[in-house]
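Enquirer: Once you know that position 421 of the sequence shown is 1554 in the numbering used here, the rest is easy, because the numbers rise by one and skip nothing. Heads up, the beta-carbon is just placed ideally off N, CA and C, and yes, glycines get one too.
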Amino acid sequence: MAKKENTRAVKNTEKNEIDDIFYNKQVALSNSLIQAREKTSLLESKIELLAIYRMGEEIKTKKKQDGHGNSYDVHYVEILSKEIRQLMGVKGGSIYNNIEAAAYELKTKIYIYRDKGSEQFVMKSLYGDVAYDRGVLTIDFNPDTEYLFRELQGNFTRLRLDIAFRFQTNGGFQMYKLLKSHAYELPSPDITIRQEEMPVLPMEYSLSELRLQLGYVDLSQKELQKESMKASPDNDRLSKHEKKPKYKRWIDFYNRVIAPGEKEINQISDIYIADIEKKCSAHGKVEGIVIKMQHNLDYYKKNLSEDVSTDTTGSAHKNPLSEDEIDDLIDKMRKFSKEDLRIRDYKAIAEAADYDLDKIKKAFKLADMQENIENYTGWVIQAVKNGYEIKSVKRGRRKNSFDVMESAYTDIDFKELESLLLEN
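#1: With distances taken between CB atoms, is the gap from residue 1302 to residue 1222 smaller than 7 Å?
#2: Please state the DSSP three-state secondary structure of residue 1332.
#3: Less than 7 Å between the beta carbons of residue 1306 and residue 1175, yes or no?
#4: Leaving out five residues before and five after residue 1231 in sequence, what residues of the same chain have Cβ atoms less than 7 Å from its Cβ?
#5: Could you compute how far the alpha carbon of residue 1332 sits from the alpha carbon of residue 1193?
#6: If you draw a straight line from the C-alpha of residue 1296 to the C-alpha of residue 1310, how long is it?
#7: Helix, strand or coil: how does DSSP classify residue 1411 here?
#8: Which residues in the same chain have their Cβ closer than 6 Å to the Cβ of residue 1438, if we skip the five residues on either side of it in sequence?
#9: Distance, Cα to Cα, residue 1485 vs residue 1464?
#10: Taking the alpha carbon of residue 1276 as the point to measure from, which residue in 1260, 1268, 1266 has its own alpha carbon closest?
#11: If we define contact as Cβ-Cβ less than 7 Å, is residue 1317 a contact residue for chain D?
#12: What distance in whole Å lies between the Cβ atoms of residue 1406 and residue 1424, which are believed to be in contact at a cut-off of 8 Å?
#13: If residue 1290 sits next to residue 1313, beta carbons under 8 Å apart, how far is it from one beta carbon to the other, in whole angstroms?
#14: Any idea what DSSP makes of residue 1426, helix, strand or coil?
#15: With DSSP collapsed to three states, give me the class of residue 1318.
#16: Would you say residue 1243 and residue 1227 are within 7 Å of each other, going by their C-beta atoms?
#17: Once DSSP output is grouped into helix, strand and coil, what is the label at residue 1486?
#18: Considering only their Cβ atoms, is the gap separating residue 1263 from residue 1292 smaller than 7 Å?
#19: Closer than 7 Å by C-beta to residue 1308: which residues in its own chain qualify, once you throw out the five before and the five after it? Chain order, please.
#20: Mind checking who residue 1289 pairs with in its DSSP beta bridge?
#21: Starting from the C-beta of residue 1326, find all residues in its chain whose C-beta is less than 6 Å away, skip the five residues before and the five after it, and write them out in chain order.
#22: Go ahead and label residue 1458 buried or exposed: buried means 16 or more other beta carbons lie within 10 angstroms of its beta carbon, across all protein chains shown.
#23: According to DSSP, residue 1258 sits in a beta bridge with which residue or residues?
#24: For residue 1212, list the residues DSSP reports as bridge partners.
#25: Assign residue 1206 to one of three DSSP states: helix, strand, or coil.
#26: Using the C-alpha atoms, what's the distance from residue 1272 back to residue 1330?
#27: Go through its chain and collect everything with a Cβ distance to residue 1214's Cβ below 6 Å, but skip five positions before and after it.
#28: Using a Cβ-Cβ cut-off of 7 Å (strictly less than) and excluding sequence neighbours within five positions of residue 1383, which residues of its own chain qualify?
#29: Excluding the 5 residues flanking residue 1274 on each side, which residues of the same chain have their C-beta closer than 6 Å to its C-beta?
#30: Looking only at C-alpha atoms, which of 1517, 1255, 1179, 1157 sits nearest to residue 1219?
#31: Give me the Cα-Cα distance between residue 1611 and residue 1158, rounded to the nearest whole angstrom.
#32: Which residues mark the beginning and the end of the alpha helix (DSSP H) in which residue 1197 is found?
#33: Leaving out five residues on either side along the sequence, give the residues of the same chain with a beta carbon under 8 Å from the beta carbon of residue 1156.
#34: Report yes if the CB atom of residue 1501 is closer than 7 Å to the CB atom of residue 1471, and no otherwise.
#35: Report all residues from its chain with a CB closer than 8 Å to the CB of residue 1506; omit the five preceding and five following residues, and keep chain order.
Now the structure itself:
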C-alpha cells in the first residue's frame, strides 16, 4: 500500500495547471497555526491555504445580526468547485462528499490560547459559517480570530502555493509545512555547490510528538481532551490513551507517512530531506527521528537559472532577486531590526545594500545604537549607501556616536567601524 501511495505522488509531480494559476503566489501563515496540534486532511489544508490567500486578494464583506438584533460585519471568501477539483487533481465524478468533509473540518477548527503562567486557556473557532451552494464554497472568517491571519508579527512562514498545491500525500504536505517553518534557520542557498555539500539543519522529534504535529492524533477523543488542554501536554501520554490510533507503530507510520512524504518533498519543493536518522531505545524500539533538512538544489537551479550569474570569486548571486528570494530576505531582516518597518521600507533598504544581509545586519546594529533617529529607514539606507563618519554629538546625545554624513563618503569598512566603536 505504501508503494502505491508513493507512485501516486510521483505521477502528480508533473507540471500542471496549478503551476500556471498559482505560479509565484504566496501565503504568509502564522507559525503558531502551522505548528498547532490538529487533525487535518490534505484537501482541507489546501482549501484553507486558498482561503487565506483570497483574504488578501478577493475578500468580501456581508452583514450579520447577533442574538440581540445588532448588525456586524463578517469577512468571507468564495471558492469554486472547479478550483477544488484543481486542488484535488481530478476532472470527473462527484466531489460533493469531499467538499462536505473538508467544510466540516474547517467549521470545527479551533485555536487554543494557553496562559503558560497558569492553567487558563481559551478556545475559539477560526471560521464562522462554511456553506456550499450551486458550485460555490463560502467560508466566513470569525471576527474574533481573524487577526490571527493578519497580524503575523514576524513569526510566520511564506508558503508558495504552486508548491503546496502540488502535494498529493497528506503526510508530505504536513511535513513540508512543519519543516518550512524552520527553513529560515538555513543560510541562503548556494547553487554552485552540490546537494550533499549544502548546509544541514537537523530537526529532532519524538515519534509521539511528530504524529501529533502532523495531525495523526485525533484530539477530539474524550480520553485525550484533558491532557491536550494542558500548557505542556505529555505527548507520550496522549499516544498511550488513544482509542483508535492511526499509524501508531513506527513501521506503519514510516511506510504510510514519512517515506512517501520525504520522496514528494524532495521531488517538488524548495527544501530537501537529506537523511532521516532513527533514535532508538536500549531495546531497539524506534522512539524518535532526526530529520536533516537542506535547501533543494534542483528546485533553485530550475527556478532561478535565468536570474543567477557567477562573479569572479565563483560565488552565486541573483540579479535581480526573485520575489521569493526578496520575501525570504525580508523575513530575515525582520529578526535584526528593532523597528517594525513596512514591507516597502525593507525592500528599499535591501536594494540600497545590494541585497547583502551582512551589510544590512550591521547597519541595523549601528542604527539601534543611535538616539533620536527621526527617520530610521532613511538612516539605514544612507548608512549602507554612503558609509559612516565618526563625530562627537552634543545636545545630550552620546559622545562619539556614529552618524551618517549625507555629503561625505568614508572608506571605513564595517570591521574597522566596529573596532572604533568598541574603543570609544
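Expert: According to the structure shown:
#1: no
#2: coil
#3: yes
#4: 1176, 1221
#5: 44 Å
#6: 11 Å
#7: strand
#8: Bear in mind that the predicted position of residue 1438 carries a pLDDT of just 45, short of 50, making it unreliable; the figure below should be weighed with that in mind. So the list is empty, once near-sequence residues are dropped.
#9: 17 Å
#10: 1260
#11: Absent from the structure: chain D. Only one protein chain is present.
#12: 6 Å
#13: 5 Å
#14: strand
#15: helix
#16: no
#17: coil
#18: no
#19: 1347, 1394, 1398
#20: 1163
#21: none
#22: buried
#23: 1243
#24: 1270
#25: strand
#26: 45 Å
#27: 1268
#28: 1340, 1419
#29: 1208
#30: 1179
#31: Given a span of 1134 to 1557 for the chain in the structure shown, any question on residue 1611 remains unanswerable.
#32: Note, residue 1197: premise wrong, no alpha helix (DSSP H); beta strand (DSSP E) at 1193 to 1198.
#33: 1295
#34: yes
#35: 1500, 1512
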